[in-house]
Amino acid sequence: MQANRKDSSNLGNALRAVYQDAIGESVPDEMLDLLSKLK
2 MQANRKDSSN LGNALRAVYQ DAIGESVPDE MLDLLSKLK
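Numbering-wise, our numbering comes out as the position in the sequence shown, counting from 1, plus 1.
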């Protein structure tokens, strides 16, 4: 089934919103600690 432009636009907007929320989150201290051990 082929999506129409409106559906594609809605999906794109939803993905952008989720991405913006994700990059706005802070990195937990435990993750930063683990990452620092990789160096």
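Just so it is clear, CB atoms sit at the ideal spot from N, CA and C, and this is done for glycine as well.
Here the structure is a predicted model, which is why all the values come from computation and not from measurement.
Taking only heavy atoms of the ligand HEM into account, decide whether any of them is closer than 7 Å to the Cβ of residue i.
i, result
"A18", "You won't find the ligand HEM in this model; it holds no ligand whatsoever."
Identify, in the order they occur along the chain, each residue of the same chain with its Cβ nearer than 6 Å to the Cβ of residue i, setting aside the five sequence neighbours on each side.
i, result
"G25", "none"
Output the distance between the C-alpha atoms of residue i and residue j, rounded to the nearest integer angstrom.
i, j, result
"A1", "L35", "Here the chain has residues from 2 to 40 only, and residue 1 is not among them."
"D30", "A23", "16 Å"
"S27", "Y20", "13 Å"
Just checking: is the beta-carbon of residue i within a distance shorter than 8 Å of some beta-carbon in chain D?
i, result
"P29", "Absent here is chain D; the protein component of the structure consists of one chain."
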